[in-house]
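Residue numbers (full-length UniProt numbering): 1 to 141.
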């Protein structure tokens, strides 16, 4: 597993834990940076967690609009975290190709969630990727 894949996995863990504990994910990760009690935190993990938190309202709105038949609050929490990271990478991480963002999210879903989750994650992110250029223009304009 590459460094960025590991960073994504760690970001999912942090977002999942923060939601479960009802704490700010950036605060949670900042407590871990430099701690001798946990593994070192990769800079890309920090970028992902901060990016998801900073853009959370828009990310959740887009997920809700494109998750056909699913309410955001009814999704498994790990799927929400994976989708949030995937969507952040699709729209805000200029150095991550769309296909990579989607493939990495699918791999996380295969490893961390239910048998149906990879297809679900692919469907949601695929629908958003189809309009990603338009969305990126509206975010930057």
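Note that the Cβ used here is the ideal one computed from N, Cα and C, for glycine as well. Quick caveat: nothing in here was measured; it's all calculated off a predicted structure.
_CB of residue 82 within 8 Å of CB of residue 105, strictly_ = If you number the chain shown from 1, residue 82 lands on position 82. If you number the chain shown from 1, residue 105 lands on position 105. Yes, the Cβ-Cβ distance between residue 82 and residue 105 is below 8 Å.
_Does the contact criterion of 3 or more C-beta pairs under 8 Å hold for the stretch 52 to 62 versus the stretch 74 to 88?_
Three or more Cβ pairs closer than 8 Å define a contact, and the stretch 52 to 62 meets that threshold against the stretch 74 to 88.
*asked:* Measuring only the C-alpha atoms, how far is residue 4 from residue 44?
replied: Working through the chain shown from its first residue, we reach residue 4 at position 4. Working through the chain shown from its first residue, we reach residue 44 at position 44. Rounded to whole angstroms, residue 4 to residue 44 spans 7 Å at the Cα level.
*Does the distance from the C-beta atom of residue 78 to that of residue 89 stay below 8 Å?*
Working through the chain shown from its first residue, we reach residue 78 at position 78. Working through the chain shown from its first residue, we reach residue 89 at position 89. Going by C-beta atoms, residue 78 is not nearer than 8 Å to residue 89.
_Short CB-CB distance (under 8 Å) between residue 49 and chain C_ = Of the protein chains in this structure there is only one, and it is not chain C.
*For residue 127, which residues of its own chain have a beta-carbon under 6 Å away from its beta-carbon, when the five flanking residues on both sides are left out?*
Within the chain shown, numbered from 1, the residue matching residue 127 stands at position 127. Same-chain partners within the cutoff: 66.
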